[in-house]
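Chemist: In the numbering used here, the protein residues as written are 577 to 726.
Cβ atoms here follow ideal geometry from the backbone N, Cα and C, with glycine treated the same way.
Keep in mind it's a predicted model, so treat the numbers as computed, not measured.
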């Protein structure tokens with residue numbers, strides 16, 4: 577896992593999306609205890625994960641608009657590469673030793689499988705259609721108001 581993370585860090589720019597599209601994992605090296613997915617701390621690239629919060633009776637939506645869009649794509653599209661690339665995703669990591677597989681290689685038509693082994697797959701989707709992060713001036717509106725207040 578750590579070697580693959582280093583390879584992804586050294587690869588072309590673009591965001592990383594992790595599948596299956598759940599935020600909690602069970603790893604054998606962690607005695608199968610439930611834990612948050614560690615990938616956003618393993619790579620320095622922008623990592624998109626499902627940030628919704630599942631509760632007993634409902635799911636509370638997350639804050640990341642791209643994560644919500646990825647969730648919608650998974651449910652609506654058979655071929656995911658064009659939609660992922662439009663969202664800035666270049667790298668897809670599939671943890672194929674996890675339950676609830678919602679993205680498999682047959683849904684990544686046209687992508688390049690760069691690594692497969694140890695319960696992991698790394699797919700390169702090619703050049704993204706928009707930058708990794710889409711910072712708009714509205715993202716910094718709070719800072720502007722704070723500067724005026726000071």
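Check this for me: beta carbons of residue 613 and residue 624, under 8 Å apart or not?
Modeler: Translated into the one-based positions of the chain shown, residue 613 becomes position 37. Translated into the one-based positions of the chain shown, residue 624 becomes position 48. No, they are not a contact pair.
Chemist: According to DSSP, is residue 693 helix, strand or coil?
Modeler: Here residue 693 refers to the residue found at position 117 of the chain shown. Strand, per DSSP.
Chemist: By the three-class DSSP mapping on this structure, what secondary structure does residue 687 have?
Modeler: By 1-based counting over the chain shown, the position of residue 687 is 111. If DSSP states are grouped into helix, strand and coil, residue 687 belongs with coil.
Chemist: In angstroms with no decimal places, state the Cα-to-Cα distance between residue 693 and residue 655.
Modeler: Position 117 of the chain shown holds residue 693. Position 79 of the chain shown holds residue 655. One C-alpha to the other measures close to 23 Å.
Chemist: How big is the Cα-Cα spacing for residue 708 and residue 660?
Modeler: Mapped onto the chain shown, residue 708 falls at position 132. Mapped onto the chain shown, residue 660 falls at position 84. For residue 708, the predicted model reports a pLDDT of 48, less than 50, meaning its position is unreliable and no value from the coordinates is stated.
Chemist: What does the alpha-carbon distance come out to for the pair residue 609 and residue 673?
Modeler: One-based indexing of the chain shown puts residue 609 at position 33. One-based indexing of the chain shown puts residue 673 at position 97. About 14 Å.
Chemist: Nearest to residue 621 by alpha carbon, out of 648, 671, 587, 702?
Modeler: In the chain shown, counting from the first residue as 1, residue 621 sits at position 45. The residue with the shortest Cα to Cα distance from residue 621 is 587.
Chemist: Evaluate residue 687 with the Cβ neighbour count: other Cβ atoms within 10 Å of its Cβ, from every protein chain shown; 16 or more gives buried, anything less gives exposed.
Modeler: One-based indexing of the chain shown puts residue 687 at position 111. So residue 687 counts as buried.
Chemist: Assign residue 592 to one of three DSSP states: helix, strand, or coil.
Modeler: On the chain shown, residue 592 is found 16 positions in, with the first residue counted as 1. Correct three-state label for residue 592: strand.
Chemist: For residue 704, which option in 619, 590, 683 has the closest C-alpha, if you only look at C-alpha atoms?
Modeler: Looking up residue 704 in the chain shown gives position 128. Nearest C-alpha to residue 704: 590.
Chemist: Residue range of the alpha helix (DSSP H) that residue 580 falls in?
Modeler: Here the question's residue 580 lines up with position 4 in the chain shown. Start and end: 578-586.
Chemist: Quick check on residue 720: does DSSP put it in helix, strand or coil?
Modeler: Counting from one through the chain shown, the residue named residue 720 turns up at place 144. Correct three-state label for residue 720: helix.
Chemist: What three-state label does DSSP hand residue 665 in the structure shown?
Modeler: To locate residue 665, count along the chain shown from 1; it is residue 89. Strand.
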